[in-house]
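Using the numbering used here, you'd call the opening residue of the sequence shown number 13 and step up by one each time.
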Amino acid sequence: MKTILTCAHLDQNPTHNDPTNLAALYPRCHLRHDRRQHIQSAYRNRRKRWAVRDLFD
């Protein structure tokens with residue numbers, strides 16, 4: 013059986029690549045760790061689409 017791990021930035025800053033800031037996580041755990049960030053970016057992306065649509069309606 014193959015095990016897949018992903019590399020998570022513990023402080024949510026992708027430019028901070030110090031080994032103490034990185035953790036190997038299972039994909040599901042990584043998604044859970046980044047949950048708040050994913051929710052915020054999804055919200056911003058939805059708002060961005062609405063704003064562009066409003067300009068051209």
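Ideal Cβ placement from N, Cα and C applies to all residues, glycine included.
**Prompt:** In or out: residue 20 buried (at least 16 other Cβ within 10 Å) or exposed?
**Reply:** The residue given as residue 20 occupies position 8 in the sequence shown. So residue 20 ends up on the buried side.
**Prompt:** Which residues mark the beginning and the end of the beta strand (DSSP E) in which residue 2 is found?
**Reply:** Lying before the first or after the last residue shown, residue 2 is absent from the chain, which here runs from 13 to 69.
**Request:** Note down the Cα distance separating residue 42 from residue 62, rounded to an integer number of angstroms.
**Result:** As a first step, residue 42 must be located in the sequence shown, where it is residue number 30. As a first step, residue 62 must be located in the sequence shown, where it is residue number 50. The alpha-carbon atoms of residue 42 and residue 62 are separated by roughly 29 Å.
**Asked** Which of helix, strand or coil does DSSP assign to residue 28?
**Response** On the sequence shown, position 16 is the one that residue 28 refers to. In the structure shown, residue 28 sits in coil (DSSP, three-state: anything other than H, G, I, E or B).
**Asked** How many Å lie between residue 33 and residue 26 at the Cα?
**Response** In the sequence shown, counting from the first residue as 1, residue 33 sits at position 21. In the sequence shown, counting from the first residue as 1, residue 26 sits at position 14. Cα to Cα, residue 33 sits roughly 10 Å from residue 26.
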